[in-house]
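Protein chains in written order, with my numbering: chain A, 2 to 793; chain B, 2 to 793.
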C-alpha cells in the first residue's frame with residue numbers, strides 16, 4: 002500500500018513514493034493531466050493487469066447502443082509503451098525497483114515518474130515525463146529517458162496507438178482506419194458509435210542518443226485496433242537514450258474543424274501537419290510554452306493559505322489545478338462529475354457544476370463561467386424535451402446532461418437490490434428535480450457577481466422564465482392542506498427516494514418561481530418587447546397572477562419548535578439508528594449491504610448535506626440562529642457518502658464561528674481523493690470536491706458570500722492558519738482579501754470601479770486602487786475557543 | 002520462456018512446466034477446453050496484463066456495427082478468480098513460485114494447474130482444476146484447492162462474472178442485466194449487438210473446508226458489466242479450502258430454447274434450475290460423467306502410432322481432442338478457423354472445414370460430418386446472395402462464413418501496405434473463389450465414403466447443380482486463345498493476388514461443373530421429377546449442352562516439358578529470389594516487411610501448397626510420375642506461411658515413397674501450435690492443422706485415399722514407426738487398418754457388409770467380420786532407402 006505525499010518545500014508538488022500494482026487507479030486519476038480540451042489519466046507506460054488508461058475529449062459523447070445513455074468515450078491509448086531490456090520485459094512486479102517516485106507538478110502540469118530497475122544482468126534508470134499542452138490544446142507530449150546503468154543493452158520498444166481501450170467493456174469507437182504517413186506518423190482515424198464523431202489520433206516518435214537525434218528503423222506492428230512501431234536499439238553502458246512521443250487528438254466536433262467544414266482527409270492531414278509543427282520544438286520548449294499558459298491562469302487569481310499544516314496550500318493548488326484541466330473553453334460542453342479523469346458518471350454534467358464548481362469560475366474566471374452557463378442555455382432544448390416527456394410545460398433540466406439537446410441521460414439501472422436480487426432502478430433522472438432550480442441559482446449568482454446584464458438579456462431571462470413555467474406546472478395542489486407541494490421527490494440527500502416536500506427542493510423551486518415573477522414584472526415595465534418575444538416563444542402566461550398564487554400557497558418547510566427544518570415529510574417521524582459502523586467504513590455506501598432504499602427511507606439516515614445546503618444557499622430565508630441547531634441535528638445522521646457533503650458542513654461551521662470544526666471537515670475533504678483509500682478515485686476524481694475545497698477556503702474561512710446580490714466578506718480562520726489571501730472579481734473589479742484572525746484588508750485593484758460590500762453587519766464602500774481594513778469581531782474568536790474546549 | 006512438454010508415460014497428457022507472464026496466449030489456446038457447444042480458453046484464474054480469457058459459444062455471431070462483419074462474441078469471463086492471502090494478491094510475478102505445472106488431460110478434457118506460492122509470511126499450495134462437460138453441454142466446472150502451508154491465513158476471494166471482455170476491443174454484448182437468485186446464483190443476462198441473441202451466464206460458488214461444506218457470507222460487488230461475490234475466510238495451518246465454481250451458459254439460439262420458444266425469463270430460470278441440478282453432484286462425479294462421454298468418442302475410432310518418438314501419439318491425440326471440442330453438433334453452425342479457442346478469424350468458417358477437417362469426421366464420425374455439410378446446404382442462401390451481388394447465377398460460397406444466410410463475411414481491410422502506408426484491401430472475399438469447388442469436393446467425398454444417397458437426394462444434388470450454375474457463368478471466354486479461363490483470381494496460395502488461371506481453381510471449378518453434368522444426366526434418366534423441381538428452383542438450363550461446351554474448352558493447366566504444372570499464368574515467368582531468411586524467420590509473413598502483394602506477385606513465392614494440393618485432391622487427373630517433380634519444384638519456393646501447407650507436403654511425400662521426408666514435415670506440423678513460437682497461437686490454435694495432423698497420419702503414412710469413389714489403402718511408414726493402427730467407416734462398415742513396414746492387415750468389423758478396396762494396384766473384396774492381409778511392395782521400401790541415402 003502506497004500513499005500520496007505532499008512536498009513540504011513545494012506547495013505545487015504532489016507525489017507517490019511507492020509503486021502498488023493493485024492500486025494504480027489512485028494516481029491515474031488524481032495525477033490526471035489535461036487542458037480543458039482533453040484529459041489524460043496518469044497511467045504507467047508499461048502494462049499491468051489493473052492499469053486503466055483513459056483519454057477523454059471534452060464534450061464528446063457516444064452511445065454504445067440506442068438503449069444506453071450517451072457517454073464520454075475513452076479514446077485509444079497513446080500513453081502505453083512497452084520496453085524489453087535484453088529481452089526482459091520492463092515490469093516493476095519483477096526484478097528490483099529503487100528510487101521510485103511518481104510526481105505531478107501542479108503549477109506547470111508536468112508528470113514525472115522515475116526509478117531504477119534491475120533484472121537479471123540488466124540495470125537501467127528510467128525517467129518518464131509528460132504533459133498535456135495548455136497552449137496547443139490538441140497536443141500531448143511524452144518523454145522516456147533510459148540510462149543504461151549496466152552492461153551493453155539491447156533495448157526493444159513497442160509504442161503507438163492502442164484502440165482496444167473501452168469504457169468499462171463498452172466500445173464507443175468503430176474499428177477505424179490505420180495509416181502510416183511519411184513512414185513516421187502513426188495515425189488511427191475512427192468514428193464514435195452514435196453519433197459518428199470522427200477522431201484522428203496521431204503520434205510520432207523521436208529518438209535521441211546522448212543528446213543527438215538518431216533515426217532507428219521502425220517495424221510496424223498491427224493487430225486489431227492497434228497500430229504500433231517496434232524499435233530495436235543498442236545502448237552502451239552509461240548511455241542515455243531518449244524517446245519523445247508526440248501525440249495529438251483532433252475531432253470533427255472541434256470548433257475550428259466545424260468552422261472549416263473539414264473533410265475526413267483534411268482532418269487527418271491537418272493532424273499530421275500540426276504535429277509536425279510541434280515536433281520542430283524540443284520537449285523543453287513545448288513544456289515552457291505550456292507552463293507560460295499555466296502562469297497566465299495562476300496570475301489571474303490568488304488563493305494563498307499561510308498555515309502550520311504544509312498540506313493545506315497543496316490541497317488548494319490541487320483543487321484549482323484540477324478545476325482548470327476539466328473546464329472546457331466551449332459552451333457546447335460542460336464539466337463532468339469526474340472531470341476528464343475517468344469514465345465515472347459517463348462524463349455527464351450534474352448540479353455539481355452550478356453549486357460546487359461554478360462559484361470558483363464565476364468569481365475568478367468569469368469567461369469560463371459564462372460558457373458553462375451558456376451550455377445550460379443551449380441545454381434548454383434538452384430541458385424542454387424532458388419536461389414534455391414528463392407532461393410539463395417549460396424547461397426541466399436533466400439530472401445528468403451530455404449533449405445540450407439530449408435531455409435526460411441518467412442510466413435506468415443501478416446495482417442489485419440486496420432484498421430482491423434484481424438491479425434497482427435509478428430514480429434521479431425522473432424525480433431528483435432540484436437541478437432545475439440549481440441551474441437558475443448558478444445563473445443568478447453569475448449575474449450578481451459579474452453584473453453581466455447583456456448575458457441576462459440574451460440568455461438569462463429565458464432560462465429563468467422557462468424553468469418557472471416548469472415549476473408552476475410541477476407544484477401539486479393539496480386540497481386537504483390547502484397548499485402547493487412537491488411530492489415523490491429525491492432531494493440532495495439521495496438515500497431518501499420518493500419523499501414528499503423535501504425542504505431543499507420546495508424552497509429552491511419556490512425561489513426559482515419568485516425570481517421569475519420579479520423578472521417578469523421588471524420586463525413588463527422596462528423591456529415589454531423582450532417579454533413579448535419570450536411569452537410567444539415559451540408560451541408564458543399573460544401576467545403572473547397564477548404564479549403568485551402558487552408562491553403564496555407553497556408549502557415551505559419551516560423550523561419546528563426546536564429550530565429544526567424537517568428534511569422531508571417523513572424524516573422527523575423516521576427511526577434513528579446507529580450509524581457508527583457505516584461512518585467508519587472505508588467503503589462508501591456500505592449501508593446498502595444491509596438495507597435497500599425502501600428500508601432506508603424509514604430511518605433517519607442522510608447521504609449528504611440537504612437541509613444544510615438549503616441554509617447555505619438561501620440563508621436569507623431563515624433566521625441565522627437555526628443554522629447551528631440544524632447542523633448539530635443533521636450531521637450525526639449524515640453518512641457523508643457523497644463527496645458533495647463535507648464542504649457544506651465546513652462552510653456552515655465556519656459561518657457560525659466553529660472554524661476548527663470546519664477545519665476538521667476541510668481535512669476530511671483532502672481525503673476524498675488524496676486520502677488513504679486507494680480505490681475511491683478509480684473511476685476518476687471527484688470534480689465537485691475540488692470546488693468544495695476552494696469554497697471551504699474562500700467561502701468558509703475566507704467568509705466570502707453573496708446574499709440577495711450583496712457581497713459579504715467575513716473571514717474566520719482556523720487556529721492553525723495565520724493568514725489567508727485570495728482574490729476574485731466583483732462586477733468587473735478585482736478584489737483582494739487578506740485576512741488574519743483579528744483583522745482583514747480588502748483591496749480593490751481596479752482603477753475607477755467602486756465596490757460595496759458588507760462585513761459583520763457593516764456596509765463598506767471601496768474605491769478603485771484602494772484598501773479597507775476592518776477588525777474581525779471578538780465573538781467570532783470566543784466561539785473558536787469554545788469549540789477548542791469542547792474538543793479538549 | 003517456457004515450453005510445451007509431452008509426458009513420455011502418458012500419450013494423453015500435455016503440459017507446461019514453467020510460468021511465463023508474457024506468453025500466456027500459448028497455453029490459453031492450445032489447452033483450450035470445450036464440447037462443441039462452447040469453448041473456454043485456459044486462462045489463469047488470477048489476472049495478468051497479457052491474460053486473454055475467451056469463452057465462445059459455437060454458431061453465435063454478432064456485428065459490432067453494420068459496417069463490420071459478424072464475428073463470434075467473446076463471452077463474459079467466468080474463469081477469473083482473484084485471491085488475496087493476508088491481503089497479498091496472488092500473482093506469480095511476485096513472491097516465490099515452485100512446482101508450477103499446467104497440464105491438460107486430452108482424454109477426459111481436464112485442465113490442472115498447480116504450484117506452491119510464497120509471499121511475505123504467506124505460503125500456500127494451489128491446485129486449480131476445471132473441465133467443460135462433454136455430457137452437459139451448458140456446464141463448465143472449476144475447482145480451486147488451496148492448502149495453507151504457512152501460518153493461519155486470511156483468505157479473500159473475489160469471483161463471479163466479468164462482462165468487460167471484448168473481441169480485441171470490440172464489445173459484442175449490450176450492458177445486460179445482473180441478478181442474484183436465491184442469494185447464491187450470480188446471473189448476467191445480455192444480448193449480443195446485431196442480431197440480439199440473448200445469453201444467460203450463471204455461476205454458483207460452493208465451499209469445502211477440510212472436505213466439509215461451509216457457507217461463507219458473500220458480499221456482492223458490482224461494477225460496470227461485472228457481478229462478483231467477495232468471500233473472506235480464515236484457513237488454519239495445514240487446512241485445505243476448496244472452492245467449486247459451477248458455471249453455465251445458455252443462449253436463445255440453443256436448439257432446445259428455440260424449440261420451447263423460451264421467453265427471457267424462462268431462459269434465465271432454466272439456467273438457474275439446471276445449474277442447481279448439476280450442483281447436486283460433486284466435481285468428481287461430474288468429471289466422471291464427462292469423461293464417460295469422452296470415452297464414447299474415443300472408442301468410436303482408433304488412431305494409434307507405435308513410434309520411437311514418444312511425442313507422435315500425443316500429437317495425434319492433441320489433434321483429435323481439439324477436433325472434437327470444436328465440432329458443433331448442430332447443422333446451423335460450422336467450425337471456425339481457430340475452433341472455439343480464440344477470436345482469430347472471427348470464428349468464421351473457411352475451406353479449412355472441407356479440405357482439412359471434414360475427412361476426419363466423414364471417415365470416423367459421419368453424423369458430425371453430415372451436420373457440417375448440411376451447414377453448407379443451409380448456406381446456399383448466403384452463397385446465392387454472394388453470387389447475385391457479384392453478378393452471377395447459382396451459388397457462390399463465401400470465403401468466410403458466419404450465419405449460413407449471411408453470405409460473404411470477409412473483412413475488407415488488412416494491415417497497412419508497406420509501400421503506401423494505407424491499410425491494404427483483403428481480396429479473398431472477392432476473388433478467392435475455389436471455396437465453391439472445395440465445398441462440393443467435401444460433399445462428394447462424404448457421399449463416396451458413407452454412401453449416403455438420402456443426403457444426396459435431399460441436399461447434395463442441389464449444392465452440386467447450383468454451384469455449377471455459378472461456375473458456368475464465372476468462366477470467361479478468351480476469344481484469342483479460344484478457351485474458357487478464370488481470370489483475376491486468388492488460388493490457395495494467397496500471396497499471389499489477381500492472377501489468371503490458377504491451376505487449382507481452374508481444375509476444381511472444372512471438376513465441379515463436370516460432376517454437375519454427370520449428376521444432371523443421371524437425374525434426367527432416373528429422377529426426372531427431382532431434376533424438374535431443381536431446374537425450376539435454381540433456374541437450371543434445359544440440358545447440359547452449354548455446360549459441356551464450357552468443359553470441353555476450359556483451359557486446364559497441364560504439366561510442361563519438365564512435368565511442372567504452372568501455378569498460374571505468371572508464375573513460371575516470375576523471378577526467383579532466395580527465401581532462406583523468410584523460411585527461417587520465427588514470424589510468419591515476414592516477407593511483408595520487405596514487399597507488398599503487388600511486388601510479391603512478380604516473384605516465385607508461394608505461401609502454401611497450391612499445385613500440390615491439386616495433385617492430392619484430384620490425383621486422377623494427372624500422371625503419378627509428376628507428383629514428385631512438382632513437389633521438388635514448388636516446395637523450395639514455398640514459405641509455408643499458412644498452417645494449411647505442411648500436411649499436403651507430408652502426404653504427397655509419403656505417397657511417392659519418401660516417408661522420412663514426410664515424417665520431417667509431420668514433425669513441423671507439431672510446431673504449428675505445440676512448437677517453441679510462444680506467440681503463434683495467441684489468437685487461437687490452428688484448426689485446419691489438427692485435421693492436417695490426422696490426415697498426415699492416416700492419409701499419408703496410413704495410405705488411405707478415396708479416388709473417384711474408390712477406397713485405397715497403401716500404408717507407407719516412416720522408419721521410426723513400427724506400426725500404425727487406425728479405424729474408419731466405409732459405406733457403413735467399420736474397417737480397421739493395422740500396418741507395419743512390410744505388411745498391412747485390413748479388418749472389416751461389421752457383420753454383413755462387403756467392402757472393396759485397392760492396395761498397390763490390386764483390388765480386394767472383404768466380407769464382414771473378416772480380415773485381409775497383404776504385403777507392402779518392396780519398391781516402397783527401396784524408395785525409403787533412397788531417401789535415406791540422399792539425406793545421409
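Every residue gets a Cβ at the ideal spot worked out from N, C-alpha and C, and that includes glycine.
C-beta neighbour in chain A for residue 339 of chain B, strict 8 Å: On the second chain, position 338 is the one that residue 339 of chain B refers to. Not one beta carbon of chain A lies nearer than 8 Å to the beta carbon of residue 339 of chain B.
Buried versus exposed, by CB contacts within 10 Å (16 or more), residue 60 of chain A: The count along the first chain starts at 1 and reaches residue 60 of chain A at position 59. Buried is the call here.
Where the region 32-52 of chain B meets chain A: residues whose CB sits under 9 Å from a CB there: Identification of residues in the region 32-52 of chain B having a C-beta nearer than 9 Å to some C-beta of chain A yields 47, 48, 49, 50, 51 and 52, given in sequence order.
Residue 536 of chain B versus residue 690 of chain B - alpha carbon distance: As a position in the second chain, residue 536 of chain B is number 535, starting the count at 1. As a position in the second chain, residue 690 of chain B is number 689, starting the count at 1. C-alpha separation (whole angstroms): 39 Å.
Contained beta strand (DSSP E) runs [length at least 3] in the region 378-420 of chain B, N- to C-terminal order: 414-417
Of the listed residues B/727, B/679 and B/534, nearest to residue 31 of chain B (C-alpha basis): Counted from its first residue, the second chain places residue 31 of chain B at position 30. Closest in alpha carbon position to residue 31 of chain B, among B/727, B/679 and B/534, is B/679.
Cα-Cα separation between residue 45 of chain A and residue 144 of chain A, rounded to whole angstroms: Taking the first chain and counting its residues from 1, one reaches residue 45 of chain A at position 44. Taking the first chain and counting its residues from 1, one reaches residue 144 of chain A at position 143. Rounded to the nearest angstrom, the two C-alpha atoms are 12 Å apart.
Residue 662 of chain A, enclosing alpha helix (DSSP H) - first and last residue: Working through the first chain from its first residue, we reach residue 662 of chain A at position 661. Start and end: 660-675.
Chain A contacts from the region 60-87 of chain B (Cβ-Cβ distance under 8 Å): Flagged, chain order: 65, 66, 68 and 69.
Distance, residue 621 of chain B Cα to residue 65 of chain B Cα: Locating residue 65 of chain B in the second chain gives position 64, where the first residue counts as 1. Locating residue 621 of chain B in the second chain gives position 620, where the first residue counts as 1. Whole-angstrom Cα-Cα distance: 46 Å.
Residue 274 of chain B at chain A interface by Cβ criterion, 8 Å: Within the second chain, residue 274 of chain B is the residue found at index 273, counting from 1. Not closer than 8 Å to any Cβ of chain A, the Cβ of residue 274 of chain B fails to qualify, so no.
Outcome for residue 24 of chain A when other beta-carbon atoms lying within 10 angstroms are tallied against a minimum of 16: Locating residue 24 of chain A in the first chain gives position 23, where the first residue counts as 1. So residue 24 of chain A counts as buried.
Residue environment, residue 216 of chain A, which counts as buried when at least 16 other CB atoms sit within 10 Å: Start at 1 with the first residue of the first chain, and residue 216 of chain A comes out as number 215. The residue is exposed, with fewer than 16 neighbouring Cβ atoms inside 10 Å.
Collapsed DSSP secondary structure at residue 629 of chain B in the structure displayed: Within the second chain, residue 629 of chain B is the residue found at index 628, counting from 1. In this structure, residue 629 of chain B counts as helix in the three-state DSSP scheme.
Pairwise C-alpha distance: residue 567 of chain B and residue 491 of chain B: Taking the second chain and counting its residues from 1, the one referred to as residue 491 of chain B is at position 490. Taking the second chain and counting its residues from 1, the one referred to as residue 567 of chain B is at position 566. Cα to Cα, residue 491 of chain B sits roughly 14 Å from residue 567 of chain B.
Proximity to residue 352 of chain A [Cα-Cα], best of A/121, A/344 and A/339: Here residue 352 of chain A is taken as the residue at index 351 of the first chain, counted from 1. Comparing Cα positions, the closest option is A/339.
Strand pairing of residue 179 of chain B, partner residues [DSSP]: The residue given as residue 179 of chain B occupies position 178 in the second chain. BP columns for residue 179 of chain B point to B/189.
Contact with chain B by residue 123 of chain A, beta-carbon distance below 8 Å: Here residue 123 of chain A refers to the residue found at position 122 when the first chain is read from its first residue. Judged by the 8 Å Cβ criterion, residue 123 of chain A is not in contact with chain B.
Rounded straight-line distance, which links the Cα of residue 305 of chain A to that of residue 10 of chain A: As a working mapping, residue 10 of chain A is identified with position 9 in the first chain. As a working mapping, residue 305 of chain A is identified with position 304 in the first chain. So the two alpha carbons sit approximately 15 Å from each other.
Inter-residue Cα distance where the pair is residue 47 of chain B and residue 265 of chain B: Mapped onto the second chain, residue 47 of chain B falls at position 46. Mapped onto the second chain, residue 265 of chain B falls at position 264. Taking the straight line from one Cα to the other gives about 32 Å.
Exposure of residue 482 of chain A, with buried meaning 16 or more beta-carbon neighbours within 10 Å: Walking along the first chain from the start, residue 482 of chain A turns up at place 481. Residue 482 of chain A comes out exposed.
Boundaries (first-last residue) of the beta strand (DSSP E) holding residue 759 of chain A: Walking along the first chain from the start, residue 759 of chain A turns up at place 758. Residues 756-760.
Beta-ladder partner(s) of residue 602 of chain A, from DSSP: As a first step, residue 602 of chain A must be located in the first chain, where it is residue number 601. Paired residue(s): none; residue 602 of chain A is not in a bridge.
Any chain B beta carbon closer than 8 Å to residue 226 of chain A: Counted from its first residue, the first chain places residue 226 of chain A at position 225. Yes, contact with chain B.
Rounded C-alpha distance that separates residue 779 of chain A from residue 715 of chain A: On the first chain, position 778 is the one that residue 779 of chain A refers to. On the first chain, position 714 is the one that residue 715 of chain A refers to. Spanning the two alpha carbons is a distance of roughly 12 Å.
Environment of residue 478 of chain A [buried if 16+ CB atoms lie within 10 Å]: Taking the first residue of the first chain as position 1, residue 478 of chain A is located at position 477. Residue 478 of chain A is exposed by the Cβ-count criterion.
Same chain only: Cβ atoms within 8 Å of residue 703 of chain B, ignoring 5 sequence neighbours per side: Taking the second chain and counting its residues from 1, one reaches residue 703 of chain B at position 702. Same-chain partners within the cutoff: 714, 716, 725, 727, 738 and 740.
Residues that DSSP places opposite residue 195 of chain A in a beta bridge: Translated into the one-based positions of the first chain, residue 195 of chain A becomes position 194. Partner(s): A/64.
Other residues of its chain near residue 7 of chain B: CB distance less than 7 Å, five sequence neighbours each side excluded: Working through the second chain from its first residue, we reach residue 7 of chain B at position 6. Taken in chain order, the residues that qualify are 15, 311, 312 and 315.
CA nearest to the CA of residue 233 of chain B, picked from B/290, B/158 and B/744: The sequence position of residue 233 of chain B within the second chain is 232, counting from 1. That would be B/158, whose Cα lies nearest to the Cα of residue 233 of chain B.
8 Å Cβ cutoff, residue 169 of chain B in contact with chain A: For the purposes of this step, residue 169 of chain B is taken as residue 168 along the second chain, with counting starting at 1. Yes, contact with chain A.
Short-range partners of chain A found in the region 312-325 of chain B, where Cβ spacing is below 9 Å: When CB distances to chain A are screened at a threshold of 9 Å, not a single residue of the region 312-325 of chain B falls below it.
C-beta atoms of residue 87 of chain A and residue 117 of chain A nearer than 8 Å: Along the first chain, one-based indexing puts residue 87 of chain A at 86. Along the first chain, one-based indexing puts residue 117 of chain A at 116. At a Cβ-Cβ threshold of 8 Å, residue 87 of chain A and residue 117 of chain A do not count as neighbours.
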